[in-house]
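Novice:
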Amino acid sequence: MNFRVTLAITFVASSFQFGFSQVTNPGNLIGQDNAITTAVPFLAISPDARHAALGDAGVATSPDANSAYWNAGKLAFIDKKYGGTLSYTPWLGKIVNDMWVGYFSGYYKINREQAVAASIKYFDLGDITFNTGPDPSQIIGVFNPREFAFDITYSRMLTENFSIGGSLRYIHSNLTGAFIQDAKSANGAAVDIGVYYTKPMQGAKNSTLSIGAAISNIGTKVSYTDADNKDFIPTNLRLGTAYTTELDPFNKITFTVDFNKLLVPTPDPNDPDANKDKSILSGMFGSFSDAPGGFKEEIKEIMTSVGVEYWYNDLFAARLGYFNEAKTKGNRKYMTVGVGFRKNRFGFDVAYLVPTNKREHPLAETIRFTLLLNIDGTQAEKTESVTD
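Letter by letter, the sequence shown follows residues 8 to 395 of this note's numbering.
1) Looking at the structure shown, is SER69 part of a helix, part of a strand, or coil, going by DSSP?
2) Excluding the 5 residues preceding and the 5 following GLY201 in the sequence, name in chain order all residues of the same chain whose CB lies nearer than 6 angstroms to its CB.
3) Does DSSP put GLY414 in a helix, in a strand, or in coil?
4) So what does GLU332 bridge to, in DSSP terms?
5) Cα separation between GLU304 and VAL47?
6) Apart from the five residues on each side of it in sequence, which residues of its chain come closer than 7 angstroms, Cβ to Cβ, to TYR89?
7) Taking its Cβ as the centre, do 16 or more other Cβ atoms sit within 10 Å of ALA64, making it buried, or is it exposed?
8) Compute the distance between the beta-carbons of LEU59 and ALA298, then report whether it is under 8 angstroms.
9) Straight-line CA distance for GLU372 to GLY290?
10) Let me make sure I understand the geometry here. Which of SER296, ASP86 and ALA156 has the alpha-carbon closest to that of SER112?
11) Which one of LEU322, VAL315, ASN320 and ARG375 has the shortest CA to CA distance from PHE330?
12) Helix, strand or coil for ILE127, going by three-state DSSP, please let me know.
13) Report the partner residues of ALA56 according to the DSSP bridge assignment.
14) Taking C-alpha atoms, which residue in TYR317, THR242, ASP278 and GLY226 lies nearest to PHE257?
15) Pairing CB atoms from the region 265-283 with CB atoms from the region 197-216, are three or more of them under 8 angstroms?
16) Classify PRO362 as helix, strand or coil using the three-state DSSP reduction.
17) Per DSSP, what are the beta-bridge partners of ASP158 in this structure?
18) How is GLY293 classed by DSSP in three states: helix, strand or coil?
19) Assuming SER126 and TYR76 form a contact by the criterion Cβ under 8 angstroms, report the distance between their Cβ atoms to the nearest whole angstrom.
20) Starting from SER312, trace the beta strand (DSSP E) both ways and give me its first and last residue.
21) When the distance is taken between beta carbons, is SER217 closer than 8 angstroms to TYR203?
22) Evaluate ARG352 with the Cβ neighbour count: other Cβ atoms within 10 Å of its Cβ, from every protein chain shown; 16 or more gives buried, anything less gives exposed.
23) Please state whether DSSP places TRP107 in a helix, a strand or coil.
24) Would you check if the distance between the CB atom of GLY354 and the CB atom of LEU327 is smaller than 8 angstroms?
25) Please check the pair PHE323 and PHE348, which I expect to be a contact at CB under 8 angstroms, by giving their CB distance rounded to whole angstroms.
26) Look up GLU253 in the DSSP assignment and say whether it is helix, strand or coil.
27) Write down every uninterrupted run of the beta strand (DSSP E) in the region 71-97 whose length is 3 residues or greater and which is fully enclosed by it, in chain order.
28) Count the other CB atoms, across all protein chains shown, that sit within 10 Å of the CB of PRO33; report buried if there are 16 or more and exposed otherwise.
29) Can you list, in chain order, the residues of its chain with a C-beta nearer than 6 angstroms to that of ASN320? Leave out the 5 residues immediately preceding and following it.
30) Of the residues ASP284, ARG245, PHE130 and PRO207, which one's Cα is nearest the Cα of ASP265?
31) When you compare each of ASN243, ASP131, ALA122 and ILE309 to LEU165 by their alpha carbons, which one comes out closest?
32) Leaving out five residues before and five after ASN194 in sequence, what residues of the same chain have Cβ atoms less than 6 angstroms from its Cβ?
33) Suppose contacts are defined by Cβ-Cβ distances below 8 angstroms. Is ARG163 in contact with SER174 by that definition?
34) Enumerate in chain order the residues of its own chain whose CB-to-CB distance from GLY293 is below 8 angstroms, with the five nearest sequence positions on each side excluded.
35) Where does VAL149 land, buried or exposed, given buried means 16+ other C-beta within 10 angstroms?
36) Is DSSP giving ASP305 helix, strand or coil here?
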């Protein structure tokens, strides 16, 4: 791959996954001894403020307009006829003011058993100046890199307590424009699949246990140059549970935990090209046993998200979360906080992230926003049997 192409793509992509690190020696970054990297990592950015405030946990939380991203299976359990959500996330807000992530999602409940949704995630990386040297006269142009993913989702209840769903996704990434001869836009396609189970707890007053599982971004490898230089996209396995209990008629609280693992090959420090020719399925299934450090390193590749959500009268919410990643796999560790408000058809959520170690994070000290709209259906639509 042309060096300038590699440098440009690396510079842009590095802002995603790990924030900033101190270089201690060539090729070794603190907290990234053997971190897994992928193309188009923007796909893994939490899009909405509610789940961002829960430490990025969301596979088993109560369904909402953002369910298609976290677990397509949840969408069928949403109790509104249709609605939508619009989210805005500043990126690297402490350094620049023109990088941001936007997310728009809309859903429609066909009947009690079925729901569909469409969404788009857009990442704007601001203006980047391309030049052939350090002198100002060597500037060849300014380009605004951008990426987006467009999804369509279908979800269906199979029983009163269990549902399944899936999404189709088109991915586009343009990081260099026409300023680098050997570079081109990357395009790809992917699918998500998710299942969701929720049931009131017997013997526990007004309590519900939910379990979710989802695999996202099962899709084509992408290339910014030619067919011989393709990279995996961030295929991810997410497992989680949520427990909700009503303390009294006005107060309820939810505890949730997610476990995430990237289903892509672990880099081999002694052979950077070892995974170059692996197929998608080989990379996915092999990701459970390919770490050079064996089982101990595989366990370190599991990221943990925990969150607590409190609601007062289904009107006001307060949220707290924590995200943990192993030191040698990226070393992202941060707390999250947020609040939410719902009134009739409208609502909004905000979230704030605070790193708990010495590493910077692209979202540190920035506020994320989500606006929501939900419209109720008719009573007849709500009482249809799942067996009809």
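Glycine is no exception: its CB is placed at the ideal position from the N, C-alpha and C atoms.
Specialist: So, from the data block:
1) SER69 falls in the coil class under three-state DSSP.
2) Once the five neighbours on either side are set aside, the close Cβ partners of GLY201 are ASN78, ALA79, GLY80, GLY172 and ALA221.
3) Because the chain in this structure spans residues 8 to 395, residue 414 falls outside the shown range and cannot be described.
4) According to DSSP, which records beta bridges pairwise, GLU332 is partnered with nothing at all.
5) If you take the alpha carbons of GLU304 and VAL47, they lie about 24 angstroms apart.
6) TYR114, TYR115, LYS116 and ILE382
7) buried
8) Here residue 59 is Ala; the residue named in the question, Leu, does not match the sequence. Contact flag unset, no.
9) 36 angstroms
10) ALA156
11) VAL315
12) Secondary structure of ILE127 (DSSP, three-state): strand.
13) None; ALA56 has no bridge partner.
14) The residue with the shortest Cα to Cα distance from PHE257 is TYR317.
15) no
16) strand
17) SER126 and ARG176
18) helix
19) That pair is a contact at about 7 angstroms.
20) 310-319
21) Between TYR203 and SER217, the C-beta gap is smaller than 8 angstroms, which places the two residues in contact.
22) With fewer than 16 other beta carbons inside 10 angstroms of its own, ARG352 counts as exposed.
23) strand
24) no
25) About 6 angstroms separates the two Cβ atoms, so the contact holds.
26) strand
27) 89-97
28) Only weak support is given to the placement of PRO33: the predicted model assigns it a pLDDT of 32, under 50, and the value that follows is read from those uncertain coordinates. Exposed.
29) PHE257
30) ARG245
31) ALA122
32) Same-chain partners within the cutoff: HIS179.
33) no
34) Only residues of its own chain outside the window of five on either side were considered, and among them PRO272 and LYS285 have a CB closer than 8 angstroms to the CB of GLY293, listed in chain order.
35) exposed
36) Correcting the residue identity first, residue 305 is Glu in this sequence and not Asp. Looking at GLU305 - three-state DSSP - the assignment turns out to be helix.
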